[in-house]
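This report refers to the structure that appears directly beneath it.
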Ligand SMILES: NC(=O)c1ccc[n+]([C@@H]2O[C@H](COP(=O)([O-])OP(=O)(O)OC[C@H]3O[C@@H](n4cnc5c(N)ncnc54)[C@H](OP(=O)(O)O)[C@@H]3O)[C@@H](O)[C@H]2O)c1
């Protein structure tokens with residue numbers, strides 16, 4: 001099968017190369033997926049630069065990037081009872097860990113996948129995996145109640161946009177930071193108030209927030225502490241950009257935590273339901289083919305493309 005392997009980490013594209021590899025063998029609890037589409041996230045680009053998940057996978061040979069996949073089951077392990085050959089599935093494979101989805105076939109634990117809803121195509125499904133799971137797991141961890149005031153940083157981004165849709169489906173009042181030009185689109189998708197981060201400092205533009213989803217990190221976490229309500233809590237998701245906020249949260253008795261997304265078939269099944277109902281609809285910015293993957297990373301590393309990127313593999 002064709003795959004994109006990483007021979008060494010480094011700037012821009014690291015050692016990404018096209019390779020011909022054997023189709024993976026599956027374990028008893030795994031399914032073999034003929035991959036139709038994958039999704040590329042910031043963590044993929046961080047990993048090829050030696051950050052992100054690189055430490056978790058650096059001793060494996062070969063290293064294959066990618067964690068999201070949508071496709072059709074080609075074989076099932078002896079212990080798999082929930083799926084059969086021919087089922088169309090999607091999900092986040094082995095995160096944190098080694099996903100290996102930049103390939104024509106991937107072996108995935110059955111417990112991490114869900115059936116793809118019939119009303120969406122592979123590109124839509126795969127665009128609703130890592131960032132949708134992150135948003136789902138954060139919003140559910142925060143236990144948002146109807147009517148609560150929620151601030152989503154980077155609400156037009158991969159995670160932020162799904163978080164908006166999930167928080168609205170729970171009846172929250174949602175304020176988001178984004179560029180002003182995104183306002184009409186975000187309001188059509190339920191946003192109650194937009195704070196334009198290019199012209200306005202959110203710390204002085206809102207208050208009494210019950211939950212902040214921080215997708216920015218750094219000083220933005222400390223600033224967000226100042227706008228929380230007495231029952232306010234905060235979840236931050238960017239990694240590796242300092243944790244001075246932890247001691248401040250402890251001193252001030254603020255419920256703030258870092259959350260890492262994890263593969264979960266149960267959560268993917270909930271996301272499949274939200275796709276089926278039309279609650280989730282990814283905002284796909286770029287569609288590419290497998291032969292473009294190295295070029296996509298050049299563009300990402302150069303800050304030349306933004307938004308949700310899907311790649312077809314078939
Ligand atoms: N902990 C985890 O498990 C986990 C999981 C998923 C993602 N993450 C991390 O979370 C972060 C966000 O991920 P993502 O996929 O949502 O990224 P993304 O798609 O690049 O979205 C980031 C959004 O933030 C906006 N933005 C930039 N500067 C801003 C500012 N000062 N104020 C408000 N918004 C601003 C960007 O707008 P423009 O495009 O207009 O600049 C973009 O819409 C990344 O660091 C990612 O690695 C962590």
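In this note's numbering, the protein residues as written are 1 to 314.
We put the CB at the ideal spot given by N, CA and C, even for glycine.
Measuring CB to CB, does residue i end up less than 8 Å from residue j?
i: residue 19; j: residue 117; result: no
i: residue 107; j: residue 188; result: no
i: residue 48; j: residue 21; result: no
i: residue 242; j: residue 278; result: no
i: residue 28; j: residue 66; result: no
i: residue 267; j: residue 133; result: yes
i: residue 36; j: residue 80; result: no
i: residue 97; j: residue 56; result: yes
Closer than 8 Å by C-beta to residue i: which residues in its own chain qualify, once you throw out the five before and the five after it? Chain order, please.
i: residue 8; result: 14, 15
i: residue 160; result: 135, 152, 153, 154, 176, 178, 213, 215
i: residue 144; result: 150, 167, 170, 172, 210, 211
Is residue i close to ligand 1? I mean its beta-carbon at under 7 Å from any heavy atom of the ligand.
i: residue 42; result: yes
i: residue 191; result: no
i: residue 153; result: yes
i: residue 237; result: yes
i: residue 261; result: yes
i: residue 288; result: no
Quick one: residues in its chain with C-beta nearer than 6 Å to the C-beta of residue i, no 5 flanking neighbours on either side, listed in chain order?
i: residue 294; result: 13, 16
i: residue 23; result: 1, 105
i: residue 228; result: 209
i: residue 265; result: 111, 112, 113, 114
i: residue 25; result: none
Can you list, in chain order, the residues of its chain with a C-beta nearer than 7 Å to that of residue i? Leave out the 5 residues immediately preceding and following it.
i: residue 46; result: 52
i: residue 43; result: 52, 53
i: residue 286; result: 305, 307, 309
i: residue 193; result: 175
i: residue 68; result: 38, 39, 92, 101, 126, 129, 130
Quick one: is residue i near chain D, going by C-beta distance under 8 Å?
i: residue 247; result: Of the protein chains in the structure, only one exists, and it is not chain D.
According to DSSP, is residue i helix, strand or coil?
i: residue 109; result: strand
i: residue 266; result: helix
i: residue 153; result: coil
i: residue 230; result: strand
Would you call the region 239-254 and the region 77-92 touching, i.e. three or more CB-CB distances under 8 Å?
no
Count the C-beta pairs between the region 118-132 and the region 170-184 that are closer than 8 Å, then say yes if the count reaches three, no if not.
no
Under 8 Å: do the region 137-144 and the region 198-208 share three or more Cβ pairs, one atom per stretch?
no
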